[in-house]
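For what it's worth, the numbering used here labels the leading residue of the sequence shown as -19, then goes sequentially.
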Amino acid sequence: MEIKKVVVIGSGTMGSGIAAQLCNANIPVVLLDLTTDISEKARERILKSRPPLLIDKSKINNINVGNINDDFKEVSEADWIVEAVVERIDIKHNIYEKIFKERKSGSIVSSNTSSIPIKILSEKLSEEEKKDFCITHFFNPVRYMDLLEIVKSENNDLNKINSLKKFCENDLGKGTLICNDTPGFLGNRIGVYAMQVAMTEAFKMKLTIEESDAVFGRPMGIPKTGVFGLYDLIGIDLMADVLKSFIKELPENDEFQQVAKEIPLVKKLIETGYTGRKGKGGFYRMNKTDNKKVLEGINLETGEYSISKKFNLGSEKMDIVNLINRKDKYGEYAWSVISKIIKYASSLVPGITDKFNDIDEAMRLGFNWTKGPFEILKEIGVKNFFEKIESFENNKFLENLSKTKDENFYGERQLYTDLETLGKIKPKAIKVDKNNSAEIYRFNDFNIVEFTTKANALDYDSMDSLKNATDKPLIIINEAMQFSAGVNLSYTMDFANKGDFRSIEKFVRYFQETCKHLKYSKYPVISAPSGLALGGGFEVLCQSNFVVSHTNIVVGLVETIVGLIPAGGGCKEMLWRWSQTEEAKNDPDYAPLKVFDIIGYAKTATSAIEAEPLKYLKPEDKKIMSRNSLLSISKEILENNKEFSPPKECKFKLSGKPLKEKMIKLLEKLYNDKVILDHGMEVGKELANVLSGGETDVDKELCEDDLYKLELNAFMKLIESNKTQERIKHTLATGKPLVN
Ligand code: NAD
């Protein structure tokens, strides 16, 4: 079955998100709603969405819009019809009646419902029609949330379901789990239960929302929004609806019922319009005092708000074992929450799925957990877990495990996909080295480096691993969300605070040396980024020999925001890329001025496709929708480059002083227009010095080392200045830029 055209019915949050992702995959889509006006507005919303639903604005041309009265005939040409209208069974039934009258035989029809069982959705369909009907449960926002649950029934033609799964995996890039028809399927059943446990235990144990979010967050391998932050993000009213549906669908004795009960404070928040970020605020709210925005947090006992104080638990890395062994209320809270989640998830095996592995993957893909409950159990250790847990009656999975005491019960990861992923192959590799910032894995004929810091920020250790791993072909890839958010600024500031600028210089030199080494080593180096590839992360990427990029990346040189310039070869590499253009052949200043504009404004691209016109990525760099395919495509490149020879060294001819003056003129205009302030001018001048080649003229040839040297000098001057340090401190403290 080939999917060449899709009709999406319902152009709200989900319908427009699904349509946009189909556009990204170059599949023609027709988006229908009650009126063309509604679907036209949805089309505009897609174009304006932030973060963007499209990987490139031009993809919008894959969408046509219409209404369900005049344009329903489009259904007869579609290979797949997705229903994403409001969650009302009468409306959905009416639509199915129309669809099955109009569709061509054999086409797939699916619903995006999050709570209506397939039994009920399909109760009016004939046996023949039921064969082609399933649920495709996407998560919001569709482009960024990796999970797709396909819910099948016993009537389905399994070949068809499998080919839909392949399409969704390869073309739409979704981690696709086939689920049974049980309430909340896998992701929401466990994910929402986990949120409810974390919330009710916080109330019971009298934790503040900040304390609870700090525990039920990074130290447990859970995104930093924790539970109360996530509640605000999803919408407190929406969560209440979800809970109502669980209460209705689940048997009375299901453990979920205990944590789904209405909480008076939550009810009051909804009634008073505190529905979360989209409303007046929620558990957290932004308040204005003295014209300044202040973040406030609610007191769970009194319901009153006060200034939110960030709570620091001392560790931001996932560290579940130490966390649950803490002898304080945080350790107690963590154990209480995670043990309940593990107990609940395991009690559902084999009831909702016989593959416990799929539950973990649902939590990873749909809730961005680093590990699911079963892998957390493995990390705690089977023996440890049973020593700590009080009871687990009527739980076949745990009863069995308590008898076998098999510490290796977990087996392989990511069983849902046939693709060869990093998660699958890591356990089979030899771990040759590990430091605080990265790990090196060895396979027969290549190495892998995986960064392991928060947001994969880079430091001396990260560079060490890269350098040590070039004794074989190398793939730089990671399972965590971000490829790398850039150089670790706190690490750099620690030195600056002590006035130890020599250590900073040593680090930057080592960074440069490593990147040069990646580019020119005997064996090919491949970067396979997804998520953030910023600053130093981009410098690693752009000095690798090949790039296999996920389409969802945010890439760019953003150093100027914190008062620095790229000094790991970023300026040099961008100059080289732009100097290879036709325009640059006739004008020696064309490339430096382009790069001055890009780096000066810290321009970023929000997808691999957008990255190409800026030359952050090259046309030959692979741009892949399916993140799970990055490793196998990288391996294919290694396979095809057995006879690899490193590139030739680049040479540069730059105009020097007259070019620098041109750039300073541009800066002066920005300064006069108050676009930049004093320090912006200083940073701009340092950048101008590097990109114009310093003390050179257009007849002189500069080599890469000359440019590295210019980058280093500019970087050191800037990091030593108070105003750059102020910018860095401000960004570290607030996550926002400081204009000074
Ligand atoms: P929404 O309210 O944003 O959009 C629903 C759209 O359906 C509206 O544009 C409405 O005009 C249209 N519509 C209503 N009746 C129609 C009809 N007869 N014909 C054509 N269009 C009609 O809803 P949503 O959040 O996009 O949810 C859609 C479906 O996806 C629901 O079944 C929901 O349970 C499910 N879902 C939602 C989310 C989420 O996070 N919002 C996540 C997963 C699944």
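Just so you know, even glycine gets a beta-carbon here, dropped at the ideal spot from N, CA and C. As the structure is a computational prediction, the values presented were derived from the model and not from experiment.
- Listed in chain order, the non-local C-beta contacts of Phe196 below 7 Å within the same chain comprise Ala178, Ile202, Gly206, Val207, Val317, local neighbours out to five positions each way being set aside.
- Counted as a single uninterrupted DSSP element, the beta strand (DSSP E) harbouring Phe118 occupies residues 113 to 118.
- For Met125 and Gly167, the gap between their C-alpha atoms comes out near 12 Å.
- Between Asp217 and Thr255 a beta carbon distance of about 4 Å is seen, short of the 8 Å cut, so the two are scored as contacting.
- Residue pairing from DSSP places Cys159 in a beta bridge opposite Val131.
- Asp567 and Met473 have their alpha carbons spaced roughly 40 Å apart.
- If you keep only unbroken beta strand (DSSP E) runs of at least 3 residues inside the segment 524 to 580, you get 526 to 530, 533 to 536.
- Nearest Cα to Leu210 within the set Val329, Arg257, Thr180: Arg257.
- For the pair Val(-13) and Leu2, the CB atoms are not nearer than the 7 Å cut-off.
- Asp151 and Ser587 do not touch by the CB rule: their CB atoms are close to 16 Å apart, not below 8 Å.
- Within the chosen limit of 6 Å, ligand 1 reaches the beta carbon of Asp13 through at least one heavy atom.
- Counting every other CB atom within 10 Å of its CB across the protein chains shown gives Thr282 a total below 16, marking it as exposed.
- Scanning its chain for C-beta atoms nearer than 8 Å, with the 5 sequence neighbours on each side dropped, one finds around Glu590 the residues Ile35, Asp36, in chain order.
- DSSP places Gly277 in the strand class (E or B) of the three-state scheme.
- Inclusion of Val122 and Gln176 in the CB contact set at 7 Å is not warranted, their separation being larger than that value.
- Ile75 places its beta carbon 7 Å or farther from that of Glu67.
- The beta carbon of Asp51 sits closer than 8 Å to the beta carbons of Val10, Leu12, Thr16 from its chain, once the five residues preceding and following it are set aside; these are given in chain order.
- Between Ser106 and Asp59, the alpha-carbon positions lie close to 19 Å from each other.
- Rounded to the nearest angstrom, the Cβ distance from Phe431 to Asn458 is 6 Å, consistent with a contact under 8 Å.
- Taking a contact to require three or more Cβ pairs closer than 8 Å, the segment 510 to 518 and the segment 529 to 548 qualify as touching.
- Take the alpha-carbon of Ala460 and the one of Ala435: they are about 8 Å apart.
- Within the same chain, Lys111, Asp112 come within 8 Å of Asp137 by CB-CB distance, once the 5 residues on both sides are set aside.
- The three-state secondary structure of Phe481, taken from DSSP, is helix.
- Annotated as distal: Leu345 and Ile322, with beta-carbon spacing of 7 Å or more.
- Annotated as proximal: Tyr651 and Met661, with beta-carbon spacing under 7 Å.
- Secondary structure of Ile356 (DSSP, three-state): helix.
- Under the three-state reduction of DSSP output, Thr252 falls in the coil class, being neither helix nor strand.
- With contacts defined as CB atoms closer than 7 Å, Glu276 and Arg265 qualify as a contacting pair.
- The Cβ atoms of Ala325 and Leu157 do not sit closer than 7 Å to each other.
- At a Cβ-Cβ threshold of 7 Å, Asn427 and Ala449 count as neighbours.
- Contact check between the segment 394 to 409 and the segment 438 to 454: fewer than three CB pairs, one atom from each, fall below 8 Å, which does not count as touching.
- Looking at the DSSP output, Leu682 sits in a beta bridge with Phe632.
- Judged by pairs of C-beta atoms under 8 Å, the segment 555 to 567 does not touch the segment 535 to 544, as fewer than three such pairs exist.
- No Cβ-Cβ contact shorter than 7 Å links Val429 with Leu402.
- Taking a cut-off of 8 Å on C-beta distances, the segment 220 to 232 touches the segment 94 to 104, as three or more cross pairs fall below it.
- Between Gln492 and Lys631, the alpha-carbon positions lie close to 17 Å from each other.
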